[in-house]
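Count along the sequence shown from 1, then add 58; that gives the number in my numbering. In this text, a Cβ means the ideal position worked out from N, Cα and C, and glycines have one as well.
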Amino acid sequence: MNRNKILLLLILLIALFFRFYNSQNRYGIGYDGSRDALVAFESARQLQLPLTGSFSSIGPITFGPLYYWYITLSTLLPTVWGPWVAINVASFLMVFIMYKTGKLLINESFGIILACVTALSPAQIISGTQLQQHALIGFLSSVVIYFFVKHYYQRFSTFEYILWGFCLGSAINSHYQAVSLLTLPLLAVIFFKRKKFIFTFILGLFISFIPFLIFELTNHWFNTRNILDYILIGQYRVWTSNRWIIFLGNFIPQFWSYVTGIPIFLSSIAFFSSVPIILYLYIKKVLSKPFFVILLSFLALLTSLRYYRGEKFFGYLQFFHPYIFIFTSLVLYLLVRKFKMSVLPTLIIIGYIILVVPSSFSSVSSDSFNQITKRRVELLSSHYPNQVFTPYECKGAYNAKNDIQGLTLMLFMNKKFSNNGRKIALYNKECDFFGGKRLDLNLIDLTDSSASGRLAEGELYPMTPYTVWDETARWYFREEP
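Structure representation (structure tokens):
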């Protein structure tokens, strides 16, 4: 086994450690995480895959259901944490995909550096523990870029072109901001002068949208109408500060630092130097055409993000991750190659690792909400041994939904949940059910209390896996849009 193979194996082991160490205490069960897990568990129980994803933050628009299909299938894994494990596996596989991409773009040494940067990324370490609609975007984006690069160097089979289109379509299904990735196949047509792949690529894209189209055809084009409304009217209802100076000088360096884990001043250097370096090396024919096209795609994504009027939350922008990893790795690779006849290359890589590892380790700390919810389940089990529970929430008290939904999930996963169990709730100043028995950790036992009247009046209602599933995945049965 040569040195590069040993290094790759070591990097994969490091990636495995950062993604799975202490993982059951790190997995996010906040509002999105508990909702998506309950949808997955109930979908598996009902033997019904959702036809739509969750709602977008920009308006009455839902994403495609493929993310829910993936985590629903993951419930077959021999662990109650199956949905989170499946997301973590995708984050781990991204490290190997980036290695393969780097090997094709330049050489195996560049692939090793690229794999190292990806493995240590705090953003990817964190994303592997969260159940969110966009959780798979980083992995899917890396696959799309890998297929793009491979398309330049090798002839594809029909299946590979279909798979390329399907992966890109799945990314767009998962989060519509990933639509910018369409720049890659479009630029491939222009620069690679290959057009025969278009039909099979579009076929793969179409296959990924079949569930979405079924939903649209049976619900009066609900998403299509609202997407058009947002593009033509809705986006102009909101004013956002979008100056280029702030965007390039502040937002992007901060985002780059968040993704890679390096200090902001170094992320600024990596960002502002990578663009002219790639242009110069491409003109000098040091870098290949795919590298130049990836740069053009990145600039297109950057421009579209600059003019996007919605929320620019770092977590939503995972389709940028592969680009940032590639450009950061290129800067490191060029430094290593320039001083290859000395000890400096080793010092450069060690220096990078020293800068990043503290952020990587901070990403493996236990999730506080995960821990307090586990303690609540343990407290209920100690107070009422061998009993099962039904959590209740207060109508209109939205600020407590995160906590009670997480408690419902944890009870379900510990086989402590029942639709007809002991009635419990969490204290909430917006909801007056103080007649219950107050326990520690804000728990309230509603059984045999004055709150029973409010239960009858419908002011308190049960939070169950079915109600979460019905509200998230079957809302259109009630609302008939």
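With residue i and residue j assumed to form a contact (beta carbons below 8 Å), what rounded beta-carbon distance in angstroms separates them?
| i | j | result |
| --- | --- | --- |
| Met156 | Phe383 | 6 Å |
| Thr318 | Val201 | Rounded, the Cβ-Cβ distance is 20 Å, inconsistent with contact. |
| Pro523 | Leu96 | 5 Å |
| Cys606 | Leu518 | Given that the chain is displayed from residue 59 to residue 539, the structure contains no residue 606 and the question cannot be resolved. |
| Ala181 | Ile145 | With a Cβ gap of about 14 Å, Ala181 and Ile145 do not count as contacting. |
| Phe447 | Gly494 | Wrong, their Cβ atoms sit about 13 Å apart, outside the cutoff. |
| Leu242 | Ile203 | 7 Å |
| Ala73 | Val147 | Wrong, their Cβ atoms sit about 11 Å apart, outside the cutoff. |
| Ile248 | Phe76 | In fact, because the Cβ distance is near 39 Å, the residues do not count as touching under 8 Å. |
| Thr187 | Arg84 | 5 Å |
| Ser101 | Ser238 | The pair is not a contact, with the Cβ atoms about 30 Å apart (cut-off 8 Å). |
| Lys208 | Leu162 | 6 Å |
| Tyr234 | Ser114 | 7 Å |
| Gly122 | Phe270 | 5 Å |
| Phe255 | Tyr219 | 5 Å |
Tell me whether the beta-carbon of residue i lies closer than 9 Å to the beta-carbon of residue j.
| i | j | result |
| --- | --- | --- |
| Leu198 | Ala173 | no |
| Leu388 | Ser332 | yes |
| Leu178 | Ser325 | no |
| Leu353 | Tyr366 | no |
| Gly262 | Gln376 | no |
| Leu413 | Ile320 | yes |
| Gly91 | Ser232 | no |
| Gln293 | Ile116 | yes |
| Phe349 | Ile171 | no |
| Ser228 | Val143 | no |
| Lys347 | Phe250 | yes |
| Lys459 | Tyr128 | no |
| Asn62 | Ser167 | yes |
| Leu438 | Ile411 | no |
| Gly373 | Ser132 | no |
| Asp94 | Gln190 | yes |
| Ile322 | Pro311 | yes |
| Phe475 | Leu469 | yes |
| Ala328 | Phe385 | yes |
| Phe330 | Lys370 | no |
| Leu66 | Gly169 | yes |
| Phe273 | Leu124 | no |
| Leu405 | Tyr381 | no |
| Asp528 | Asn500 | no |
| Leu402 | Val415 | no |
| Phe313 | Arg364 | no |
| Asn277 | Glu538 | yes |
| Tyr79 | Val422 | yes |
Buried or exposed for residue i, please, with buried defined as at least 16 other CB atoms from any protein chain shown within 10 angstroms of its CB.
| i | result |
| --- | --- |
| Asp498 | exposed |
| Ser266 | buried |
| Leu134 | exposed |
| Thr466 | buried |
| Arg213 | exposed |
| Leu245 | buried |
| Asn428 | buried |
| Asn281 | buried |
| Ser355 | buried |
| Gly140 | buried |
| Phe206 | buried |
| Leu337 | exposed |
| Gln463 | buried |
| Ser149 | buried |
| Thr130 | buried |
| Phe224 | buried |
| Thr216 | exposed |
| Trp222 | buried |
| Arg434 | buried |
| Leu275 | exposed |
| Thr530 | buried |
| Phe535 | exposed |
| Ser424 | exposed |
| Phe99 | buried |
Using DSSP bridges, identify the partner residues of residue i.
| i | result |
| --- | --- |
| Arg496 | Ile502 |
| Tyr519 | Glu451 |
| Arg480 | Phe447 |
| Phe113 | Thr120 |
Q. Taking the runs of the beta strand (DSSP E) that are 3 residues or longer, which of them lie wholly in the segment 391-476?
A. Runs of the beta strand (DSSP E) lying entirely within the segment 391-476, each at least 3 residues long, are 447-452 in chain order.
Q.
As an exercise, report each continuous alpha helix (DSSP H) stretch of at least 4 residues that is fully enclosed by the segment 267-347, in chain order.
A. Whole alpha helix (DSSP H) segments, 4+ residues: 268-276, 280-290, 310-318, 322-341.
**Q.** Sequence ranges, alpha helix (DSSP H) only - wholly within the segment 82-162, length at least 4
**A.** Runs of the alpha helix (DSSP H) inside the segment 82-162: 89-104, 124-131.
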